Structures are given as structure tokens and as C-alpha cells.
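Engineer: Take this structure first; my questions come after.
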Amino acid sequence: MNSVLNKLIDNTRKVPFNEIMGYASTNVEAYSNGNDTYTSKENSYLYGIYMGIKWQCVEYSRRWLFIRKGCVFKSIEGAADMW
Numbered sequence: 249m250n251s252v253l254n255k256l257i258d259n260t261r262k263v264p265f266n267e268i269m270g271y272a273s274t275n276v277e278a279y280s281n282g283n284d285t286y287t288s289k290e291n292s293y294l295y296g297i298y299m300g301i302k303w304q305c306v307e308y309s310r311r312w313l314f315i316r317k318g319c320v321f322k323s324i325e326g327a328a329d330m331w
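Read in order, the letters of the sequence shown correspond to residues 249 to 331 in our numbering.
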């Protein structure tokens, strides 16, 4: 890698776990899971409906589909299995 790219990577600041990183569709919060190697042991529920493990890709996809489209679906292994 060149030095400019290394400097950009080194200066990247991570959003702490459980903090809002942004919003999709104006009302679906995107939460930080801390970093790309961390997997929480906490489950996420919305209105008593299981969304997934905080704050992994399947959880975000489930929550977005539930909030925006009213969709709920059975247990899956990974986000790619939704489609």
C-alpha cells in the first residue's frame, strides 16, 4: 500500500459499540458493532420480535425490513440467505 492509503487507514476512527453511526430511510438507525471482528453476545428485539445479534448484518437487515416493510422471517444463517 502507498503511504497516503496507510495514513488514511491509520487515522480511521471507529464508532464505539452500541452508538448510532447513521440512519437509513430516515428512521432506521445503524448501530456500530465496534469493529469488523467483534460479535456481541446480546440479542436484539423490536416489539418483542427477535431481530438478531446486536449489531450484525442480519440484525440490521431484519430490523430495516420490519420497520420499513413490515416483513418478519424465520431464522437464517447469514444475510445472504434472506434473498
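No residue lacks a Cβ here, since even glycine has one placed at the ideal position from N, Cα and C.
Since we're looking at a predicted model, the values are computed, not measured.
Going by DSSP, what residue range makes up the alpha helix (DSSP H) through Ile315?
Structural biologist: First-last of the alpha helix (DSSP H) with Ile315: Cys305 to Lys317.
Engineer: Which residue from Glu290, Tyr271, Val320 and Val263 puts its Cα closest to that of Ser280?
Structural biologist: The candidate whose alpha carbon is nearest that of Ser280 is Val263.
Engineer: Leaving aside the five residues before and after Ile324 along the sequence, list all residues of the same chain whose C-beta is less than 7 Å from its C-beta, in chain order.
Structural biologist: Cβ within range, chain order: Val306 and Met330.
Engineer: Would you tell me roughly how many angstroms separate the C-alpha atoms of Phe265 and Gly318, rounded to the nearest one?
Structural biologist: Cα to Cα, the separation comes out at about 27 Å.
Engineer: Run through the DSSP bridge pairs and tell me what Ala272 is partnered with.
Structural biologist: Ala272 pairs with Val276.
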